[in-house]
Each structure stands twice: as C-alpha cells, then as structure tokens.
Amino acid sequence: MNLLDKAKSGDKSAFEELILNNQYAIYKTARVFFQEESEINLALERTFFVSYREIKSCKNEDTFLIWILNQLILTCDALEESKAKNPIALPPATPYTSYENYKENSLVEQCISRLEIEIRLAALLYFYIGLNEKEISKLLRISEHETKKKIEKARTELNSILFNQ
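For what it's worth, numbering that gives the first Met the number 0 labels the leading residue of the sequence shown as 0, then goes sequentially.
#1: Rank Leu73, Lys152, Glu38, Leu43 by C-alpha distance to the C-alpha of Leu19 and give the top, closest one.
#2: Going by alpha carbons, who is nearest to Asn158 out of Leu139, Leu114, Lys148, Arg140?
#3: Could you please give the first and the last residue of the uninterrupted alpha helix (DSSP H) stretch that includes Lys5?
#4: Leaving aside the five residues before and after Ala6 along the sequence, list all residues of the same chain whose C-beta is less than 7 Å from its C-beta, in chain order.
#5: Residue range of the alpha helix (DSSP H) that Phe126 falls in?
#6: Could you compute how far the alpha carbon of Ala83 sits from the alpha carbon of Asp76?
#7: Distance, Cα to Cα, Ile177 vs Phe32?
#8: Between which two residues does the alpha helix (DSSP H) containing Ile72 stretch?
#9: Using only the alpha-carbon positions, how far apart do Ala121 and Glu108 sit?
Okay, here's the thing in structure tokens:
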C-alpha cells in the first residue's frame, strides 16, 4: 500500500510524509503569494487542513504535488481576497516553519523572486518545481497559450536579470 492509499484510509503519518516529501515546493508556492511568515503559515495550515479532509479526491501519488498545489493556490487566492476586503492583519497561524529552513541562496531563486508578480508563480512552477505547461495552465486556470506567454516573458526577464547585473 502506497502513502496516498494509507492517507486516504486515515493514516495521518502517511499524509504528513506526503507533505514532507513535497514541503519545499509547497512552501515556495505559498511564498509567491505572501511575504509575511504569519500569512504563509496561515495559508499552509488551512491548505493542510482542507487537503487532509479532501485527500480521497487525489487520484494517485504521482499527481499529489499538483493536487496539493491546486489546494494551496485556491487557499492563497481566498486569503488574498479576504485580506483585500478587510485590510486588518490576518490572524496569526500556528507556527509551521520558518523561511530560513527552506532558504537557498541559489541564483535561480534570487532571480525568480525579482520577477513581476504576475509571472513569478508560473516561473517558479516551471523553472524551479519542474511542472510542464499543461500542468501549470491547469493550476493557474489559464490557457496553455497564456502559460507559454508567461513562461517566455519570465525567461526573457530572467536572462535580463542574469546577464545585465
């Protein structure tokens, strides 16, 4: 029995292991939306809660990362919308992690963080996490053509950042 099947049968440790196996990609995606640790932690906390409850809708272990990133993006969008409607600070979340635990001073990561916000998520998913254009277009709910345009714009800007420093 694989981890996903165990998680679907209610095994919390299997679910935690699935999260831990993908923690870096999950955290980096949340970081695209929020800079404050409390906001990132809140997004992760809510995503994990909903995902554990809805784990049976994940088709197979190979698609778990895309499935959980979809849950995270929906959560982050909802939190951003809530924050825009009510600009007071979001409630503090239970501490999950710290960015310092994940921070890599890689050149790619530094460059992606300097991209315009509207192409940053597509660039992270494509260049850093390694998803293909079809997977990204599904996650971002945009056409594959629009995804290709965002990735090409990111590629151009990354080249500019790398070679014009």
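Even for Gly, the Cβ is constructed at its ideal location relative to N, Cα and C.
Put simply:
#1: Of the listed residues, the one whose Cα sits closest to Leu19 is Leu43.
#2: Leu114
#3: 2-7
#4: Same-chain partners within the cutoff: Ala13, Phe14, Leu17, Ile54.
#5: It is not in any alpha helix (DSSP H) - Phe126 carries neither H nor E in the DSSP assignment.
#6: 11 Å
#7: The structure shown does not extend to residue 177, since the chain is modelled only from 0 to 164, so the question has no answer here.
#8: 63-84
#9: Their backbone Cα atoms lie some 13 Å apart in a straight line.
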